Structures are given as structure tokens and as C-alpha cells.
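Here's the structure we're looking at; comments come further down.
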Amino acid sequence: MPGIKSLFGLVLLLCGLPLQAEVRLYAWERPPRVQLSESGEARGLVPELVAELFRRAGASYQLSFLPLQRAMRQVQREPGSCVLLVERRQERDPYYSWIGPLLISRLGLYARAGDDLQLASLEQARGLSILSHQGSGAGEYLSSVGLQVINSNKEALNLSMLQRGRARLWATSATVVSSFNGREPPREVLPFLTLMEEIACHPQFDPQLQQRLQAALHQLYAEDWVAALYARHGLTQE
Amino acid sequence: MRFLIGLALYCSAVALAVEPMEAALSELQPSTLSRAEQQAELQWFIEAAKPLRGTQVRVIAEHIPTHWYEANVLAPLFSQLTGIRVIHEISGEDDVVNKLRTQQQTGLPLYDAYISDSDLLGQHFRDDQVLILSDFIDGEGAAVTLPSLDLADFIGLPFVTAPDGELYQLPDQQFANLYWYRQDWFERPELRQAFRQRYGYELDVPQNWSAYEDIAAFFSEQVKEIDGQRVYGHMDYGGFDPSLGWRLSDAWLGMAGVADLGLPNGLPVDDWGIRVEACQPAGASMARGGALDSPAAVYALQRYIDWLKRYAPPEAQQMSFNQAGNVAAQGHIAQQIFWYTAFTADYTQPGSAVVDEQGLPRWRVAPSPRGAYWREGMKSGYQDVGAWTLLKSTPLKQQQAAWLYAQFVTAKSVSLRKTLVGLTPIRRSDLDSAPMLAAAPKLGGLVEFYRSPAARRWTPTGANVPDYSGMANLWWRQLHPAVSGELSATQALQNLARAFDRYLLAAGQRQRHACAPRLNPEQGALFWLQQPGAPWPALGNERPAGQTLPYTEALHAWD
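Protein chains in written order, with numbering that gives the first Met the number 0: chain X, 0 to 237; chain B, 0 to 558.
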């Protein structure tokens, strides 16, 4: 019977291939690292990194855009799908299968350029309102340590609220701040947290594919491929 | 705790407005050093840091009160004194471990130093990526090593010294896992009488798990209410979270008696159920001589699940380590079998339900009760240090600046004040100091524990686990299905043991070290169960008669 077993195995393997072939990736816009071009294509450092990652892992994917919160909910319901990208925190760990990090976020509290606020620690921010992007690890973290957080759907709105004095502080990263080309950019008052941004997949995501993608990513780092990609985009890895 | 830290911060902010040395001397009281010695030590930091002025270092630690005090008060003080800017991040313990692992795997310069538990020591000395501090102190770190560091004064130094005799980490805070109970409730005559009538022995400190369970059932199911409040006889946590792993790996298996006799972790089978031949891990499943799926492990996991569901507050089943840490301080828990002393600060706040009108605790700590498989000569509990960990790949200037900060927050100038705030003692000189002895009555037995010779029988994970940051994830992912009822305790532990064996095999192929894992061939569980020692065969009676001792007698275990 070994012949029949082998044939049966081959059929199973062939049937299985298309199922594994297409990972559905849900990205959210965060120029300049991930953005949607006018022609409807994903552009930026992250889509380029993802393309190379999947090529090396021998997997294919389909990328579309959704708001972050919706993407995170969708992926928890949809096997074979992933969010591109989610800030990884211990509290979120059990709810996804992770591949990363693709980006490193250095988060800080930012004040208006003309605001002379000085902070030596997070404790000194107690009592101040802090703006944050809905679904970001920054807002969740600050809320968890008892600080007063105001969430909004767009970072542009946070910037606008900061500049109009609706809040003294904005919790975000230097990358986000520099993506807005204002004349008087907000000033970093207190760096407080580093977050790794990773591909967050459905918790039952194929473990072998997850391991292949993770191994391919480590190889990209080992070869300095990622560093070269950052250099091509004129960015640093922090 | 927030009030204390807030107050400390306010005082600190006021102090920083004056000259940095004065600010430091004002904040860092009391000290085991005289004022002149303290000033000289702080002046040394100022001088040693001069070549590094303007440097910025980024470090990370887990969120317990000690590290918040460092981040909120000590880091700004250090920056003012030295001109080295410190970004001291606080995050979850698992996040700290993940980031350390990521930095090692990708080379990304996430942090210049980590405060990470000595549980990772077995990985550090096999992987050759962590800076060996004993070499650094004599070499490139000599000029930035505090002459009065006094390594011999650190009580946790054995935990951060690998089998190769080298020092890999510097202790920053130390905590133990002890039994915690409401002494005031245990002393109430009506409760003592009711317990004696029902169980036939005294309501005192439980010496075995049978007595612990009787007391848990007594408060949760018989007493139910004290002074108008619903009370429970047990507290634990069971949420699907990485911290579920160390709930089980730190305490439940070890105190059930899974391991062999011998310190620090059992020889040759340790309290993770891993058999170690010489220094080489040889398997976790019984089939390879391990004990992770042994009857004692099943007994431990089943008791953990049963008691969590039957005796703890219902919400505990969804909680994590940090959420559960100060629950007993709310005043409705009678006892906790494994209580982390890292949370002591939350249990000593004036006005708290567990502190009386004189500011004295209504609770005490004592040695944890032992499970049915436990034998004299096994470890008596878990303790560990959160310790400064630097990587070889970090640039020298960053290493030196981070090393200065690490020594600052552990220096004699600082450590007594830090210990009194965070209650995670690291130095013998602090434990022997007059201010610490004066504080002891308010700390429920914590100081007595650390000053006792028995404290050495409380040990961390040890050096057997060759890849803690990878294997720690297996614990919670493989065992939670037993907590949720999807699998039996036996099935979940068999899955975990097999996963460990696969992991050890892969680590053995990857690590280039004489102590890298080398698996035993599979011989079947029966073969190993018939050999002396762990894995221990199933006991005919896993529930011997309950046994308790009065508090003062129970403390003789610490003699």
C-alpha cells in the first residue's frame, strides 16, 4: 500500500498548495513608509520589504488597505490574513501570530513648538491631556499607566488639535511628525517607549509559513538588505 | 504606590532645581554610607562620566514599583549629575524578553542595556552574545567601574554567575515567591474554632498543599463573608497571556515536587522537568528521562487549574501577572500560595485594607506549602533577580554609559533608598542596616526572609534552560488549553514536553557550546519511571492529611 499512500499524499499536497499561496494582507496608510498611490498601488519602504520577504519565503499575497482598527478586528476573524503592521505589545501577543519586526517606532511625547513644557518623566505628564492615534500601542500604553489619553482616527487630526491647543501633548513618533511638512514642527519633550511593528496574523496562521517568513526576515537583516532599503529611502532604522 | 512615587517625584523635581549634587544627596536618604562617603561616590560618577557627557542611552525594564522609581526619579538624577541622558523605558516582562531576543537575532540596536531576569542565564552563557561583565570590569569597562561597587555585597550574585564562573549580569532588584496570608483573620477565635471543628487541626500556616486547599475551601466556601465583604481563600491568575507561563514554571511544578533533590534546581532533573547530563539538557519528556509530563507535573497543573476555578475570585481566571499582583491588597483574599514579593510596596500603603491603623501589616509571608511529591532537599521556592544585561554588539561608548547608569541605580549611595521605596533588596549591607531593620515590622516578614540562611533554597530558573526567551513562550501557549478546558492537564503537558524536546533538539544543532543540548534517545516513560529519582512514579495518595504550624514555628524553616 505504500504506493497508494504516496499518491494520496501527493494529491493532498497539491490540494493544499493554493490554500497556502495567497495571504491576505491588510495595510493602513502611514506615509511615507506605507501609502496608497493615485493608481491604487501600495508604495513605500514597507511594501517593498514585504514583497522581498514573501518572495524569499516562496509565498504570495494580496494587499489591500483598511483602517487599522478595522484591519485588526478583521484579521482576528479571517484565517490566512494579516495586518500590516501592528505595534506589538505583551497584551496583544496572544491574539495574533507575529512576523517581525519590520519597523521600530521610537515613541515620544511632543508639544507645540512654542510650548516651553519640560518633562523629566511620565509621572510629570499626569493631569495633562495626551493625543494618540486610535489603535496605536502608544495610547494603550499611556492609558494603562493612568495617563489621560484622547484618541482620534488620524494623526493629522492630532497635529491639528495640538496646534490649536486642545491638548498639551501628542504621543507619536519622529517618523510621523516628520511626515507633516509644517513650518514649526512639534518638539519632542519626552521619549518614553520603543515598539516593534510587526505583521500580525490570524492566531491560527500556518505555523510553517510563519516560520519561513520569520527566517527570511532574519536573513534580510543579516545580509544588511533592510539597512540598504532604508538607505535607498533616505531613512534610518530608528 | 502611585502616591509614594508621585511624592518622591515631586520632592525630586524640587530638589533638581538646586545644584545636582545637593539634589542627589537630598533624594538618596537614608544611605548605608556616611554623607562624606556618599558625596565621594556620587562625585566619582560625575568624574567618570566626563568623557561620555552628551551621550544618550536607552534601557528597558519591567513594570514593578522599583523600576518606576528608577525611571521617574533616579534616571533624571543621574542625567543631571553626569550629563548622560537616560531614556528608561518600562514595559511588560515578556516584552522585555522579546526585545532582547529580537536585538540578538536581528542586530537592531533597540537598547543599550536591559534589566532582565537571571532566568535567561542558561541562554546567555551558551549563546555568547551577552557582555561578560567580569571580563568587562577588568578590561574596557575598568575606567567606568565604580571602585566601591563591592560585588560581594550583592545577595543575588550566584544567580547571575554562570557555570563557567563568569558574571553575566548585575542584580538590580530581587524578589521571591512566598506564601502570603491574612494573619489577622487567621487569629480570629471564631474562625479558628470553626476551622478546627471542620478539619480537625489548627488554622495556621499550611505546610502542605492539602492544608492549603482546606484553608482555601474554608474561606471561599464556608466563611464566604467577613465584615460584610465577600472573601476568597485563594488568589492566582489564568488569563491567556505570556505571564501564565511563568506562573507555572516559576513555582507550581517546583513546589509540587517535579524535580530531583539538590540545589539550585534539582539534579539531574530540574524544576522545568528538564533532565541535564553534565551541563547538557537531554530531554523534557519522560520518554527521554525528563519529568515535564510526569505524574508530579500533572498533579501540579491539575491543582493549579482546580483551585483557580473553585477558590479564587472569578475574575482571576482572566487576569495576568500585573493585573493580579496587588489584588490581595484590596482586602478580600485570605491566602495566596505563591505571592511575588516584587509587589510588597502595594501592600504597605497607609490606609490600605491590609494595613492597620498603626501602619502595620495585617498579613505575613511564610515559606510556601509543599506538594505531595516534594521531598526534603528540593528547592523551597522561587526567587530571582532582575539584572542589568548588556550585549557584546553594543558600541563601547554606549556600553560604558549604560554600565555607569546600571552601577548608579545599584550603588551603595542609592540602593538603600531604592530598596525602601521598591522593597526589592539586592545588597546585604542594606538588609543589615538600621533603617531596614526599623522598617521590618511593616514588611510582614520580608526582611527576616532575606536575612535568613534559608533564602538560598529559593532559587531562579537556573542555567539549564538553553533558550529561555524561546522556550518561555511554549509554556503559556501549550498549557492554556488545559486552563480553558480544551485539553486535559495530561494532554497539555504531553504536548509541552514534546514541544520542549523539539526545541532542545533545534537548540542543540544551533548552539556551538560544550553545554548545548544533546537529547537522550527515546526509551519510553516506563523505563525512566523505574529508575531512581525524577520522573517520580504516581503516588497512591496525592492528598495526605493537612498539616499546619503556628507562624513562629513555620518560620523555623528559615533558620
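Backbone N, C-alpha and C define an ideal beta-carbon position, used for all residues, glycine too.
In this text, all values refer to a predicted model and were calculated from it rather than measured experimentally.
Chain X has no Cβ within less than 8 Å of the Cβ of B:S209.
Contacts with chain B (Cβ-Cβ distance below 7 Å) from the stretch 186 to 220 of chain X involve P190, F191, L192, T193, M195, H217 and Y220, listed in chain order. B:A365 places its beta carbon 8 Å or farther from that of B:W387. Ranking B:S319, B:V275 and B:L177 by CA distance to the CA of B:R456 puts B:L177 first.
Within chain B, no C-beta atom comes less than 7 Å from the C-beta of X:A230; the nearest is roughly 15 Å away. Within the same chain, no residue comes within 6 Å of B:Q490 by CB-CB distance, once the 5 residues on both sides are set aside. A Cβ-Cβ contact shorter than 8 Å links B:D235 with B:W306. With a threshold of 16 other beta carbon atoms within 10 Å, X:S120 meets it and is buried.
Taking 8 Å as the cut-off, the beta carbon of X:D92 is found closer than this to the beta carbon of B:D93. Look at the beta carbons and you see the stretch 154 to 161 of chain X not touching the stretch 64 to 80 of chain X: under three pairs across the two are nearer than 8 Å.
For B:D137, the enclosing alpha helix (DSSP H) begins and ends at L132 to D137. Rounded to whole angstroms, X:L48 and B:P313 show a C-alpha spacing of 45 Å.
Interface with chain B (8 Å Cβ-Cβ cutoff): X:A155 is excluded. B:I86 belongs to the set of residues whose beta carbon lies under 8 Å from a beta carbon in chain X.
Here X:S104 is bridged, per DSSP, to X:L194. Distance from X:R105 to X:A173 at the Cβ level is roughly 6 Å; contact confirmed, criterion being Cβ atoms closer than 8 Å.
For the pair of segments examined, the stretch 206 to 225 of chain B was found not to touch the stretch 492 to 506 of chain B: the number of CB pairs separated by less than 8 Å stays below three. Look at the stretch 104 to 150 of chain X and you find these whole runs of beta strand (DSSP E), each 3 residues long or longer: 128 to 132.
Taking the Cβ atoms as the reference, B:Y167 lies roughly 6 Å from B:L132, within the contact range of under 8 Å. Chain-ordered, the chain X residues with CB closer than 7 Å to the CB of B:A70 read S120. Minimum Cα-Cα distance from B:V420 among the listed residues B:A496, B:Q530, B:D152 and B:A341 corresponds to B:A341. Counting of Cβ neighbours within 10 angstroms places B:Q317 among the exposed residues, the total staying below 16. Counting only Cβ-Cβ distances below 8 Å, B:P241 has contacts in chain X at Q89, D92 and P93, in chain order. Measuring C-alpha to C-alpha distances from X:S80 to each of X:V22, X:G57, X:Y109 and X:I129 identifies X:V22 as the nearest. Within the same chain, G256 and L260 come within 7 Å of B:R374 by CB-CB distance, once the 5 residues on both sides are set aside. In this structure, X:L216 lies near X:L52, with their beta-carbon atoms less than 8 Å apart. With 16 or more other Cβ atoms from the protein chains shown falling within 10 Å of its own Cβ, B:A112 counts as buried. B:A410 has its alpha-carbon roughly 11 Å from the corresponding atom of B:S428. For a cut-off of 8 Å, the C-beta gap from B:K98 to X:M71 is around 21 Å, too long to register as a contact. When C-alpha distances from B:V85 are compared across B:Q182, B:V230, B:H233 and B:A48, the shortest belongs to B:A48.
With a threshold of 16 other beta carbon atoms within 10 Å, B:K417 meets it and is buried. Secondary structure at B:T393: coil, using DSSP grouped into helix, strand and coil. Chain-ordered, the chain X residues with CB closer than 9 Å to the CB of B:D93 read Q89 and D92.
Rounded to whole angstroms, the Cβ separation of B:F407 and B:F77 is 5 Å, and the two are in contact under 8 Å. A direct Cα-Cα distance of roughly 11 Å separates B:G370 from B:A250.
Proximity of the stretch 378 to 387 of chain B to the stretch 442 to 460 of chain B meets the contact definition, three or more beta-carbon pairs being nearer than 8 Å.
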